[in-house]
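Here the sequence shown is numbered in this note's numbering, starting from 64 and rising by one per residue.
Glycine included, every Cβ here is placed at the ideal spot set by N, Cα and C.
Remember, predicted model here, so these are calculated numbers, not experimental data.
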Amino acid sequence: MIRRSPILLFLVVIFSTVVFSNERLFTYTYQSSVLAKGQREIEIWNTFHWQREDFYRRFRHRIEYEVGLGGNLQTAFYLTLTSTTGLEGKGAAAFLASELEVGFASEWKYQISDPVADAFGSALYAEIGLATNEFELEGKLILDKQTGNVLHAFNAVIEPEWKTIVQNGNTATEFELKWEFDYGLSYAVNENWKLGFELRNHNEYTKTGGWAFSALFGGPVVAYSTQGFWITGTILPQLYAFHTEPGNKSKHRELKAHEQLETRVIFSYEL
């Protein structure tokens, strides 16, 4: 059993509530902290995906309402809007095709231990998502540790997904299993500014094709916070592919199912 000093716990509560609220220091890697009971936030996500083997652009927007339920538990509900434009066809018959997708999700997060008061922070995360052509579940194990001005965070993620596709002129359901490992390191330059980097290893298994890919992304992250507001941005180029799909043209990157570059900005207001 982890033992906590009452004085340390008091300082942790005051410090996290008054100075940092529930700010995110990364945009892909989650931290173990949760909102206090009755605390509410609105988060706005904007993610841009740039370039695969051919022309490809994708914008993902998300608006999320978070609320603390007490007992180390918080929940959130969010709407997503995704716009994608890519090159279809070959040669003279090639053309740009666009699609728009709307989704809804509910997420739950339970904090087990604190990254400052305990040996390390930990939390469990679950999410159910619905879109116009897919249903997905997501689970995360979240670990983090705050030591002085430095925060380390690690996530292990598993995400089964059922997607509607067209096969031989008919609709069919395709099962995909995605899993990833995320790591983030952040250094507090001062009370407001934090600098760091993130690493993301994303993998996928399909029932028909087996292990499809394993791609590694990594890049810098910058976070700014003030009372009641924070904003965080990450730039993640694809660094290397450990495994690629058949027919992938690039030797060292997965560019059939992943992009050359992802960027994400999240900002939040406390209500």
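Round the Cβ separation of residue i and residue j to the nearest angstrom and send it over; I've been treating them as touching at under 8 Å.
i      : j      : result
Lys208 : Gly184 : 6 Å
Ser249 : Leu214 : 5 Å
Glu197 : Thr148 : Incorrect: roughly 19 Å between the Cβ atoms, too far for contact.
Thr90  : Ile329 : 5 Å
Val285 : Leu318 : About 27 Å; that fails the 8 Å criterion.
Phe118 : Leu159 : 7 Å
Glu222 : Leu200 : 7 Å
Thr195 : Val165 : 6 Å
Gly282 : Ile298 : 4 Å
Arg103 : Leu334 : 4 Å
Gly192 : Ala216 : Gly192 to Ala216, Cβ: 22 Å. No contact.
Asn212 : Tyr173 : Wrong, their Cβ atoms sit about 27 Å apart, outside the cutoff.
Lys314 : Glu116 : Not quite, the Cβ-Cβ distance comes to about 12 Å (not below 8 Å), so this is no contact.
Asn266 : Asp245 : The Cβ separation is near 12 Å, so there is no contact.
Ser288 : Asn255 : 6 Å
Does residue i come out as helix, strand or coil in the three-state DSSP assignment?
i      : result
Gly310 : coil
Ala157 : coil
Gly232 : coil
Asp207 : strand
Lys319 : coil
Gln174 : strand
Tyr287 : strand
Ser331 : strand
Leu324 : strand
Leu98  : coil
Pro223 : strand
Val75  : In this prediction, Val75 has a pLDDT of 44, which is less than 50 and means its spatial position is unreliable; nothing more can be read from the coordinates.
Phe183 : coil
Glu116 : coil
Gly282 : strand
Thr110 : strand
Gly272 : coil
Ile70  : Only weak support is given to the placement of Ile70: the predicted model assigns it a pLDDT of 49, under 50, and the value that follows is read from those uncertain coordinates. In the structure shown, Ile70 sits in a helix (DSSP, three-state: H, G or I).
Exposed or buried, what is residue i when buried is set at 16 or more other beta-carbons lying within 10 Å of its beta-carbon?
i      : result
His112 : buried
Tyr141 : buried
Lys100 : exposed
Phe280 : buried
Leu206 : buried
Ser95  : buried
Tyr303 : exposed
Glu151 : exposed
Arg327 : buried
Tyr188 : buried
Ala182 : exposed
Gly131 : buried
Val82  : With a pLDDT of 39 at Val82, under the threshold of 50, the predicted position of this residue should be treated as unreliable, and no value is reported.
Leu144 : exposed
Asn85  : buried
Let me check one thing: in DSSP terms, what residues is residue i bridge-paired to?
i      : result
Thr90  : Thr90 is not bridged to any residue.
Asn266 : Trp242 and Ser277
Leu136 : Gly133 and Tyr173
Gly202 : Ala189 and Ile221
Val213 : Thr210 and Tyr250
Thr295 : Ala286 and Ile329
Phe167 : Leu142 and Leu193
Thr148 : Arg120 and Ser161
Taking 8 Å as the CB-CB cut-off, is residue i touching chain B?
i      : result
Trp274 : The chain labelled as chain B is not found in the depicted structure, where only one protein chain is given.
Next on the checklist: Taking 8 Å as the cut-off, does the region 306-319 touch the region 269-288 (at least 3 CB pairs, one atom from each stretch)?
Outcome noted: Flag = yes, the region 269-288 and the region 306-319 touch.
Next on the checklist: Pairs of beta-carbons, one from the region 102-110 and one from the region 118-129, closer than 8 Å: are there three or more?
Outcome noted: Note that the region 102-110 touches the region 118-129; at least 3 beta-carbon pairs, one per stretch, sit closer than 8 Å.
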